[in-house]
Amino acid sequence: MGPSATKSLLLRVALLLLLGGASGNAAGPMITGLMAAQSPPSGFVSVDVGGDAPLLVQKQQVTTSDWLACVADQACPQVPVKSKADEPMFGINLLDVHAYIRWKGKRDRISYRLPTHEEWMLLAAEQVPQADEVLFDAPELSWASNFRMSDPNPVVEEPNQFGIEQLRDTTWEWTASCSEAGETRSGNCESLRIAMGNHKALLSVLVRDTAKAGCGGGTPPARVGFRLVADG
Amino acid sequence: MYYLKHLQTAAAVTAVALGAVVFSAPSFAEGDAANGENIFRKCRACHQIGEGARNGVGPNLTGVVGRAMGSFEGYKYANGLKAANEAGGVWDEEMIVEWLASPKDYIRSFTGNDKARTKMTFRLKKEQDRRDVAAYLATFSKDDEASMPATEERMTHGDAPAGDIADGTEAKVDLSGYERVKQKLVMPPFAPKHEQVATGKPKVVEIDFTIEEKKIQIDPDGTEIVALTFNGSVPGPMIVVHEGDYVELTLKNPETNLMEHNIDLHAATGALGGAGITTLLPGEEALLRFKATKPGVFIYHCAPEGSMTPYHVTHGMNGIIMVLPREGLKDEKGNSLSYDKLYYITEQEYYVPRDENGNFKSYNFAGEDFAEWVDVMRGLIPSHIVFNGAVGSLVGDNALKASVGETVLFVHSQANRDTRPHLIGGHGDYVWEEGSFNNPPMKDLETWFIRGGSAGAALYKFLQPGVYVYLNHNLIEAVELGAAAHVVVDGKWDNSLMEQVYHGPVRN
Chain C
25 MGPSATKSLL
35 LRVALLLLLG
45 GASGNAAGPM
55 ITGLMAAQSP
65 PSGFVSVDVG
75 GDAPLLVQKQ
85 QVTTSDWLAC
95 VADQACPQVP
105 VKSKADEPMF
115 GINLLDVHAY
125 IRWKGKRDRI
135 SYRLPTHEEW
145 MLLAAEQVPQ
155 ADEVLFDAPE
165 LSWASNFRMS
175 DPNPVVEEPN
185 QFGIEQLRDT
195 TWEWTASCSE
205 AGETRSGNCE
215 SLRIAMGNHK
225 ALLSVLVRDT
235 AKAGCGGGTP
245 PARVGFRLVA
255 DG
Chain L
234 MYYLKHLQTA
244 AAVTAVALGA
254 VVFSAPSFAE
264 GDAANGENIF
274 RKCRACHQIG
284 EGARNGVGPN
294 LTGVVGRAMG
304 SFEGYKYANG
314 LKAANEAGGV
324 WDEEMIVEWL
334 ASPKDYIRSF
344 TGNDKARTKM
354 TFRLKKEQDR
364 RDVAAYLATF
374 SKDDEASMPA
384 TEERMTHGDA
394 PAGDIADGTE
404 AKVDLSGYER
414 VKQKLVMPPF
424 APKHEQVATG
434 KPKVVEIDFT
444 IEEKKIQIDP
454 DGTEIVALTF
464 NGSVPGPMIV
474 VHEGDYVELT
484 LKNPETNLME
494 HNIDLHAATG
504 ALGGAGITTL
514 LPGEEALLRF
524 KATKPGVFIY
534 HCAPEGSMTP
544 YHVTHGMNGI
554 IMVLPREGLK
564 DEKGNSLSYD
574 KLYYITEQEY
584 YVPRDENGNF
594 KSYNFAGEDF
604 AEWVDVMRGL
614 IPSHIVFNGA
624 VGSLVGDNAL
634 KASVGETVLF
644 VHSQANRDTR
654 PHLIGGHGDY
664 VWEEGSFNNP
674 PMKDLETWFI
684 RGGSAGAALY
694 KFLQPGVYVY
704 LNHNLIEAVE
714 LGAAAHVVVD
724 GKWDNSLMEQ
734 VYHGPVRN
């Protein structure tokens, strides 16, 4: 094993620790010993997405002022702030997001987490952009069936049927999910996670400036923030 | 049990519909499947349908009409459709029309359980739209036997090529009679062992490439980048095959990597040069097979989406595949040409970002320099232009070597920018400037031109010993930025070609 391989291994181990033992599809910091929320906390709605319990979903993304409260408590890292107080906070990587979740979870005594990719899609089902027309039908051409250049991201201002806002915003959202191939995790869960907005993007969990950067592949979103969910 | 009653109603409605009387919705026309296909684009974010369709956020919908409710294998249904399945519910078009109005209300009324749940939150408000979609779904139920649901979901980025290799065995190419050989790859500037004239029939040549993201030093000052490499070297190893051979390239992106990669080979035909079907997340592997139909020297490179393509290429992910004519190289009259040595030179530029003091910055993981690198890259002024990965990689102990009387084939590429190789003190006896061996070579050139995104080859027989500089004859790029190599040639000096007749003080 060469020095670079060792380094790579160390990086992966460090990531594993930072992600709180993340190994699953919906991995995130688990705060044990806390009660599940009985009723939606302020700013949350209760949504039925087919699970055993309703999902409590933050109606808006975490704002800059929310974030700064965590920074003021020295629980979140100081990062450049580029949005107004009541606008979604962006420019934060997944580790920063987890710091916020831990801080907010302790304060509210609620096990917050990020939505999974599936949950996000179900929340946004009536707002996701419709697929382009399929260019090719043959299975051998599936790689090119919906090839297109990314469209600009249209913003949807109105709340959706659940009263949730900003699912289609210039600021996209981190999810808890890794890439999946069926039941099997595909790709590197410690270092790449899905962000959702106009389409699915895979981002390095370390990258804050996604303006042009950090996408494991594909066209990365310009801004990535987050919203919290909890199991009701 | 409410659902039993409901099932009977649904059956009755179907029976009436079969009698060509549209009884249930007199104010609406029958569903228009063509329009339904158009509306179904709203559903595609979660559902796939048709040949090769898989479960996604929602289940595969191929053959859903006439199928047991909640029965697509491998999909995790919520409790509502599970109960409907256990109760023996079977979808028909009319039920789907109702379902689409509000899946939650429908499943609760269907099961008679007001706590029944479904994952589906999407609703279609217009009844005609629902009828059209149901009619479209029904078109996939004509021969349901043929459309078995698959359970795999694959990652796509922005609906771009998904690297969607289902199963390499389904290709119907008859490879019986083809001998299989595994090419033993070697580090640049050398070529793997190969025949200049092919013996026997075309073969299947197996190539194994493992993608490595690794820190490399790119100049003598110690500047480092996290390079993206095929097999750990910049450039990637040279591949050599003959026209008519099949190349079977196994591309591995180990889980230790952080980025998505693929390969586009300019020698291949189809699928973005292979990039469309080899796109790999860390932890994935692809097997690409293509026929080498055009003889020549070609580049290969990584080609993900958008800015990632130049980013990956300028981080080292490029190299050369040489496809030799089966009879070997020929001059313009068809006489055979051969070489004693082959040197493989890939020219490559870097755009290393600098800090506020003007020093090159360094980074620790692949992709970390992306934003800054792209900013520099867009200025089109490279920080380094190098042969084979680093300034000075082919000088000193690593200089290329030859002897007087030996013929050397210099194969040179630049995946991105134009360049102009020149051998100081020698020539290009035969030069395939554009790379194609189907064109006659140009003869006796002083400098030849390699277009960005291509490779070329120059054959030269060394006639004098000494040190030759082989460089990009933009001398700023060669001397200041690094695009230069040395060729050390041993042998006996030939005064008939050149002689130092006098060297000393100015004579009167």
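For the protein sequence lines, the chains are C and L, in the order given.
Taking my numbering, the leading residue of the first sequence gets 25, the next gets one more, and so forth.
Taking my numbering, the leading residue of the second sequence gets 234, the next gets one more, and so forth.
Ideal Cβ positions, reconstructed from N, Cα and C, are used throughout, including at glycine.
Just so it is clear, the structure is predicted and the values come from calculations on it, not from any experiment.
Chain L places a beta carbon closer than 9 Å to that of GLU142 of chain C, counting this residue as a contact. In the pairwise beta carbon analysis, the segment 273 to 287 of chain L is classified as touching the segment 149 to 158 of chain C: at least three pairs are separated by under 8 Å. The segment 650 to 657 of chain L and the segment 495 to 508 of chain L do not touch, with fewer than three beta-carbon pairs separated by less than 8 Å. When 7 Å is used as the limit between beta carbons, CYS279 of chain L is near these residues of chain C: MET145, ALA149, in chain order.
A straight line joining the alpha-carbon of VAL556 of chain L with that of THR547 of chain L spans about 24 Å. When the beta-carbon positions are compared, SER335 of chain L and PHE531 of chain L stay at least 9 Å from each other. When L:LYS359, L:LEU408, L:TYR369, L:PRO615 are compared, the shortest CA-CA separation from ASP265 of chain L is found for L:TYR369. DSSP, reduced to helix, strand and coil, places GLN450 of chain L within a strand of the structure shown. Between the segment 703 to 718 of chain L and the segment 614 to 628 of chain L there are three or more inter-stretch CB-CB distances shorter than 8 Å, so the stretches are counted as touching. In the DSSP assignment, ARG247 of chain C forms a beta bridge with C:THR195.
Here the C-alpha atom of ILE272 of chain L lies approximately 44 Å from the C-alpha atom of ARG133 of chain C.
Identification of chain L residues near ALA155 of chain C by a Cβ-Cβ cut-off of 9 Å yields PHE273, ARG274, LYS275, CYS276, ARG277, ALA278, ASP392, ordered along the chain. Put simply, of C:LEU230, C:GLU189, C:VAL253, C:LEU252 the residue whose alpha carbon is nearest the alpha carbon of ASN117 of chain C is C:LEU230. Among the residues facing chain L, GLN185 of chain C is included, as its CB has a counterpart in that chain under 9 Å away. Pairing GLY74 of chain C with MET353 of chain L gives a Cβ-Cβ distance under 9 Å. Counted as a single uninterrupted DSSP element, the beta strand (DSSP E) harbouring GLN647 of chain L occupies residues 640 to 647. GLU710 of chain L carries a helical assignment under DSSP once its states are collapsed to helix, strand and coil.
Cα atoms of TYR693 of chain L and GLY529 of chain L: separation of roughly 17 Å, rounded to the nearest angstrom. GLN581 of chain L has L:VAL619 as its beta-bridge partners, per DSSP. Relative to ALA123 of chain C, the option among C:PRO65, C:GLY67, C:VAL95, C:PRO112 whose CA is nearest is C:VAL95. Using a 10 angstroms sphere on the CB of GLN102 of chain C, the tally of other CB atoms stays under 16, which defines it as exposed. Sequence-distant partners of GLN450 of chain L (beyond 5 residues in either direction) whose C-beta falls short of 8 Å from its own C-beta, in its chain, are THR456, GLU457, ALA623. In terms of CA proximity to PHE68 of chain C, C:TYR136 leads the group C:LEU159, C:TYR136, C:SER215, C:CYS100.
Interface flag for TYR310 of chain L against chain C is set, since a Cβ pair is found closer than 9 Å.
Rounded to the nearest whole angstrom, the CA to CA distance from GLY600 of chain L to ILE510 of chain L is 22 Å.
For LYS434 of chain L, none of the residues of chain C pass the 7 Å Cβ criterion, the least Cβ distance being about 26 Å.
With a cutoff of 9 Å on beta-carbon distance, ARG364 of chain L and GLU326 of chain L are scored as near each other.
Around the CB of ARG131 of chain C, fewer than 16 other CB atoms lie within 10 Å, so the residue is classed as exposed. Taking one beta carbon from each stretch, the segment 305 to 318 of chain L and the segment 344 to 351 of chain L have 3 or more pairs nearer than 8 Å; the two touch.
For TRP332 of chain L, the uninterrupted alpha helix (DSSP H) segment begins and ends at 326 to 334. Relative to the Cα of LYS106 of chain C, the nearest Cα in the group C:SER89, C:VAL121, C:ALA93 belongs to C:SER89.
For TYR124 of chain C, the enclosing alpha helix (DSSP H) starts and ends at 118 to 132. Assigned with DSSP and collapsed to three states, PHE670 of chain L falls in coil, not helix or strand. For ALA219 of chain C and TRP198 of chain C, the gap between their C-alpha atoms comes out near 4 Å. Comparing alpha-carbon positions, the option among C:GLY221, C:PRO104, C:GLN84 lying closest to PRO112 of chain C turns out to be C:GLN84. Put simply, the CB of GLY561 of chain L is far from chain C, with every gap to its CB atoms at 9 Å or more.
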